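Enquirer: Have a look at this one before I ask anything.
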Amino acid sequence: MSLIVQKFGGTSVGDADRIKNVARRVVETHKAGKDVLVVVSAMGDTTDDLVELASRISPAPPGREMDMLLTAGERISMALLAIAIQELGHDAVSFTGSQAGIITTTDHGRAKIVDVRADRIREALAKGKIAIVAGFQGVSETADVTTLGRGGSDTTAVALAAALGAELCEIYTDVEGVFTADPRMVPDARLLHAVSYEEMLEMAATGARVLMARSVEYARNYGVIIRVASSFSDAAGTFVREEDERMEKAIISGVTHDVSEGKVTVQGVTDRAGIAARLFRTIADEGINVDMIVQNVSMAGHTDISFTVCGVTRAWPPTCSMRSGRPASTSR
Ligand code: ADP
Ligand code: ASP
Ligand code: MG
Numbered sequence: 176m177s178l179i180v181q182k183f184g185g186t187s188v189g190d191a192d193r194i195k196n197v198a199r200r201v202v203e204t205h206k207a208g209k210d211v212l213v214v215v216s217a218m219g220d221t222t223d224d225l226v227e228l229a230s231r232i233s234p235a236p237p238g239r240e241m242d243m244l245l246t247a248g249e250r251i252s253m254a255l256l257a258i259a260i261q262e263l264g265h266d267a268v269s270f271t272g273s274q275a276g277i278i279t280t281t282d283h284g285r286a287k288i289v290d291v292r293a294d295r296i297r298e299a300l301a302k303g304k305i306a307i308v309a310g311f312q313g314v315s316e317t318a319d320v321t322t323l324g325r326g327g328s329d330t331t332a333v334a335l336a337a338a339l340g341a342e343l344c345e346i347y348t349d350v351e352g353v354f355t356a357d358p359r360m361v362p363d364a365r366l367l368h369a370v371s372y373e374e375m376l377e378m379a380a381t382g383a384r385v386l387m388a389r390s391v392e393y394a395r396n397y398g399v400i401i402r403v404a405s406s407f408s409d410a411a412g413t414f415v416r417e418e419d420e421r422m423e424k425a426i427i428s429g430v431t432h433d434v435s436e437g438k439v440t441v442q443g444v445t446d447r448a449g450i451a452a453r454l455f456r457t458i459a460d461e462g463i464n465v466d467m468i469v470q471n472v473s474m475a476g477h478t479d480i481s482f483t484v485c486g487v488t489r490a491w492p493p494t495c496s497m498r499s500g501r502p503a504s505t506s507r
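Here's what the structure looks like:
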């Protein structure tokens with residue numbers, strides 16, 4: 176039987192009624208004769224709330240414990256969804272990332288998937304059960320729980336779709352699909368019916384958080400077709416797949432934004448070799464990540480240097496602050 180992977184984001188599982196709504200959608204797909212594997216995010220703002228809670232106890236909590244803490248959010252959703260599906264009279268079983276065989280590096284807060292050993296999922300599907308997996312998490316080769324970075328449930332869904340040879344990976348969210356700009360910022364942004372992996376990767380990497388960039392990269396590498404759609408409607412949404420003739424004609428597909436970047440300008444810097452290196456060494460020593468750097472033409476031996484610093488919002492995993500007591504490196 177062909178397999179569909181369906182991922183539901185935080186808003187889609189935000190309360191008991193929404194979880195029941197997700198259960199109905201999943202059961203419909205199952206009744207239509209498909210094997211169904213569901214990936215869930217934590218309910219609503221649970222992850223942000225847990226990050227906030229930890230920050231009230233420590234300004235630099237250990238990565239291992241943060242991962243233990245944050246993975247709890249997705250575990251709550253997976254169990255509640257399994258209960259809701261069983262309540263509808265269908266067989267469902269939930270798995271943590273570790274039980275689902277998502278094997279990762281040990282980089283707490285930003286682990287990368289190195290293998291998917293999904294035997295337990297295959298067994299559950301073979302028995303006709305609906306399998307539910309907690310997104311955003313895995314287990315390292317040293318048997319510690321890890322997380323994949325913010326928005327990581329998208330990557331869990333695509334990785335499982337690739338490993339299990341799913342016909343489609345559906346990402347259900349709180350908007351109708353991928354738009355030419357964030358529809359919450361630009362109300363007349365247009366829905367894109369199809370975007371290529373390359374376009375989507377660029378949009379995701381520059382701020383269109385509707386899909387985690389790594390999930391798009393994964394989908395491109397393994398040829399997984401993604402459909403982004405709303406969990407509150409039946410509209411077709413957006414297909415993310417290999418470029419075709421029509422897509423090739425697009426000159427600009429969308430405009431993205433990132434409100435977490437800050438720009439700093441240092442004015443009147445002496446235009447002498449080694450000065451910029453001194454400036455950026457000092458910033459690096461404070462563990463601050465610098466993203467883009469622009470230097471003006473020199474006037475009367477002085478110049479301006481502007482640079483952007485990353486991620487001051489969504490504070491886990493840390494970007495601009497110290498990591499595990501060691502300074503983060505500058506990216507350029
Ligand atoms: P989920 O919790 O379902 O994973 P996210 O908040 O991670 O949802 O992603 C969905 C959000 O992405 C939308 O609510 C929207 O504000 C934002 N977004 C940013 N850029 C775009 C875009 N180009 N198209 C659609 N949504 C976008
Ligand atoms: N709950 C995690 C986050 O808020 C992962 C996800 O939603 O994809 O980033
Ligand atoms: Mg998301």
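The opening residue of the sequence shown carries number 176 in the numbering used here; numbering runs sequentially from there. Note that the Cβ used here is the ideal one computed from N, Cα and C, for glycine as well. This one's a predicted model, so the numbers in the text were calculated from it and none came from an experiment.
Report yes if the C-beta distance between Val197 and Tyr347 is below 9 Å; otherwise report no.
Expert: The sequence position of residue 197 within the sequence shown is 22, counting from 1. The sequence position of residue 347 within the sequence shown is 172, counting from 1. Yes; because the gap between Cβ atoms is below 9 Å, this pair is in contact.
Enquirer: For Ser405, which residues does DSSP report across the bridge?
Expert: What you label residue 405 is simply residue 230 of the sequence shown in a count that begins at 1. Paired residues: Thr348.
Enquirer: For Ile307, is the classification buried or exposed, using 16 other Cβ atoms within 10 angstroms of its Cβ as the cut-off for buried?
Expert: Reading the sequence shown from its first residue, position 132 is the one you call residue 307. Buried, since its Cβ has 16 or more Cβ neighbours within 10 Å.
Enquirer: What's the gap between the Cα of Arg365 and the Cα of Met375?
Expert: Along the sequence shown, one-based indexing puts residue 365 at 190. Along the sequence shown, one-based indexing puts residue 375 at 200. The alpha-carbon atoms of Arg365 and Met375 are separated by roughly 15 Å.
Enquirer: Assuming contact is defined by CB atoms lying nearer than 9 Å, are Val201 and Gly310 in contact in what I supplied?
Expert: The residue you call residue 201 lines up with position 26 of the sequence shown. The residue you call residue 310 lines up with position 135 of the sequence shown. The Cβ atoms of Val201 and Gly310 lie no closer than 9 Å to each other.
Enquirer: Less than 8 Å separating the Cβ of Met387 from some heavy atom of the ligand ASP?
Expert: Here residue 387 refers to the residue found at position 212 when the sequence shown is read from its first residue. The answer is yes for Met387.
Enquirer: So, using beta-carbon positions, are Glu342 and Ala404 closer together than 9 Å?
Expert: Translated into positions along the sequence shown, residue 342 becomes position 167. Translated into positions along the sequence shown, residue 404 becomes position 229. Their beta carbons are not under 9 Å apart, which means Glu342 does not touch Ala404 by this criterion.
Enquirer: Rounded to whole angstroms, what's the CA-CA distance from Thr537 to Ala475? Just pull it up for me.
Expert: Because the chain is modelled from 176 through 507, residue 537 falls outside the range shown and cannot be assessed.
Enquirer: When you compare only the Cα positions, how much space is there between Val385 and Ser435?
Expert: In the sequence shown, the residue the question calls residue 385 occupies position 210. In the sequence shown, the residue the question calls residue 435 occupies position 260. If I take the Cα positions, the gap works out to 16 Å.
Enquirer: For Val180 and Ser406, what's the separation of their Cα atoms in angstroms?
Expert: Within the sequence shown, residue 180 is the residue found at index 5, counting from 1. Within the sequence shown, residue 406 is the residue found at index 231, counting from 1. Approximately 14 Å between the Cα atoms of the pair.
Enquirer: Straight-line CA distance for Arg285 to Val320?
Expert: Here residue 285 refers to the residue found at position 110 when the sequence shown is read from its first residue. Here residue 320 refers to the residue found at position 145 when the sequence shown is read from its first residue. Cα-Cα distance, rounded: 12 Å.
Enquirer: Can you tell me where the beta strand (DSSP E) holding Thr478 begins and where it ends?
Expert: Here residue 478 is taken as the residue at index 303 of the sequence shown, counted from 1. Note, Thr478: beta strand (DSSP E), 477-484.
Enquirer: Sorry if obvious, but does the Cβ on Val353 come closer than 8 Å to a heavy atom of the ligand ADP?
Expert: Numbered from 1 along the sequence shown, position 178 holds the residue referred to as residue 353. Checking the Cβ of Val353 against the ligand ADP gives yes.
Enquirer: How many angstroms separate the CA atom of Gly301 from the CA atom of Thr281?
Expert: In the sequence shown, the residue the question calls residue 301 occupies position 126. In the sequence shown, the residue the question calls residue 281 occupies position 106. Note that residue 301 is Ala in the sequence shown, not Gly. Their backbone Cα atoms lie some 31 Å apart in a straight line.
Enquirer: My assumption, with CB atoms under 8 Å, is that Thr381 sits in contact with Asp433. Please give the rounded CB distance.
Expert: On the sequence shown, residue 381 is found 206 positions in, with the first residue counted as 1. On the sequence shown, residue 433 is found 258 positions in, with the first residue counted as 1. The pair is a contact, with the Cβ atoms about 7 Å apart (cut-off 8 Å).
Enquirer: With distances taken from CA atoms, which of Leu245, Arg239, Arg447 is nearest Asp220?
Expert: For the purposes of this step, residue 220 is taken as residue 45 along the sequence shown, with counting starting at 1. Minimum Cα distance to Asp220 is reached at Leu245.
Enquirer: Entirely within the segment 209-258 and at least 3 residues each: give me those beta strand (DSSP E) ranges in chain order.
Expert: Counting only runs of 3 or more, we get 210-215.
Enquirer: Expressed to the nearest angstrom, what Euclidean distance is found between the alpha-carbon atoms of Ser481 and Ala267?
Expert: Numbered from its first residue, the sequence shown carries residue 481 at position 306. Numbered from its first residue, the sequence shown carries residue 267 at position 92. If I take the Cα positions, the gap works out to 54 Å.
Enquirer: So, with DSSP's three-state summary, where would you put Phe311?
Expert: Within the sequence shown, residue 311 is the residue found at index 136, counting from 1. If DSSP states are grouped into helix, strand and coil, Phe311 belongs with coil.
Enquirer: For the alpha helix (DSSP H) containing Ile187, name the first residue and the last one.
Expert: Within the sequence shown, numbered from 1, the residue matching residue 187 stands at position 12. For the sequence presented, residue 187 should be read as Ser rather than Ile. Segment: none, Ser187 is in no alpha helix (DSSP H) and carries neither H nor E.
Enquirer: For Cys344 and Ala338, which I take to be in contact (beta-carbon distance under 8 Å), what is that distance rounded to the nearest angstrom?
Expert: Here residue 344 refers to the residue found at position 169 when the sequence shown is read from its first residue. Here residue 338 refers to the residue found at position 163 when the sequence shown is read from its first residue. Not really, about 11 Å apart at Cβ, beyond 8 Å.
Enquirer: Let me know the secondary structure DSSP gives Val415 once reduced to three states.
Expert: For the purposes of this step, residue 415 is taken as residue 240 along the sequence shown, with counting starting at 1. Strand, per DSSP.
Enquirer: Going by DSSP in three states, Ser390 sits in which element: helix, strand or coil?
Expert: One-based indexing of the sequence shown puts residue 390 at position 215. Helix, per DSSP.
Enquirer: Given that a residue counts as buried once 16 or more other Cβ atoms are within 10 Å of its Cβ, and exposed if not, what is Glu249?
Expert: Locating residue 249 in the sequence shown gives position 74, counting from the first residue. With 16 or more other Cβ atoms within 10 Å, it is buried.
Enquirer: Just to confirm before moving on: does the CB-CB distance between Val276 and Ala293 stay below 9 Å?
Expert: To locate residue 276, count along the sequence shown from 1; it is residue 101. To locate residue 293, count along the sequence shown from 1; it is residue 118. Before going further, note that residue 276 is Gly rather than Val in the sequence given. Cβ distance < 9 Å, so Gly276 and Ala293 count as in contact.
Enquirer: Look at the Cβ atom of Met378, then the Cβ atom of Thr457, and state whether they are nearer than 9 Å.
Expert: To locate residue 378, count along the sequence shown from 1; it is residue 203. To locate residue 457, count along the sequence shown from 1; it is residue 282. Going by C-beta atoms, Met378 is not nearer than 9 Å to Thr457.
Enquirer: Apply the 10 Å Cβ neighbour rule to Tyr372 and answer buried if 16 or more other Cβ atoms are within range, or exposed otherwise.
Expert: Locating residue 372 in the sequence shown gives position 197, where the first residue counts as 1. Buried, because 16 or more other Cβ atoms sit within 10 Å of the Cβ of Tyr372.
Enquirer: Does the Cβ of Ser187 lie closer than 8 Å to at least one heavy atom of the ligand ADP?
Expert: The count along the sequence shown starts at 1 and reaches residue 187 at position 12. Yes, the ligand ADP has a heavy atom inside 8 Å of this Cβ.
Enquirer: So, for Arg193: in the same chain, excluding its five sequence neighbours on each side, which residues have a beta-carbon less than 7 Å away from its beta-carbon?
Expert: Along the sequence shown, read from residue 1 onward, the residue named residue 193 stands at position 18. Ser187.
Enquirer: Measuring from the CB of Asp329, is there a heavy atom of the ligand MG at a distance below 8 Å?
Expert: By one-based count along the sequence shown, residue 329 stands at place 154. Relative to the ligand MG, the beta carbon of Asp329 is positioned inside 8 Å of a heavy atom.
Enquirer: Classify Asp224: buried if its beta carbon has 16 or more other beta carbons within 10 angstroms, exposed otherwise.
Expert: Counting from one through the sequence shown, the residue named residue 224 turns up at place 49. Label assigned to Asp224: exposed.
Enquirer: Let me check understanding here. Comparing Cα to Cα, which of Glu418, Val441, Lys304 lies closest to Val399?
Expert: Here residue 399 is taken as the residue at index 224 of the sequence shown, counted from 1. When only C-alpha atoms are compared, the closest one is Glu418.
Enquirer: The beta strand (DSSP E) that contains Met467, what's its start and end?
Expert: As a first step, residue 467 must be located in the sequence shown, where it is residue number 292. Here the beta strand (DSSP E) through Met467 covers 465-470.
Enquirer: Can you give me the C-alpha to C-alpha distance between Val439 and Thr445, rounded to a whole angstrom?
Expert: Reading the sequence shown from its first residue, position 264 is the one you call residue 439. Reading the sequence shown from its first residue, position 270 is the one you call residue 445. The alpha-carbon of Val439 is positioned some 17 Å away from that of Thr445.
Enquirer: Check this for me: beta carbons of Ala383 and Phe414, under 9 Å apart or not?
Expert: If you number the sequence shown from 1, residue 383 lands on position 208. If you number the sequence shown from 1, residue 414 lands on position 239. Going by C-beta atoms, Ala383 is not nearer than 9 Å to Phe414.
Enquirer: Taking only heavy atoms of the ligand ASP into account, decide whether any of them is closer than 8 Å to the Cβ of Phe270.
Expert: Residue numbering aside, residue 270 sits at position 95 when the sequence shown is read from its first letter. Result no, Cβ not under 8 Å from the ligand ASP.
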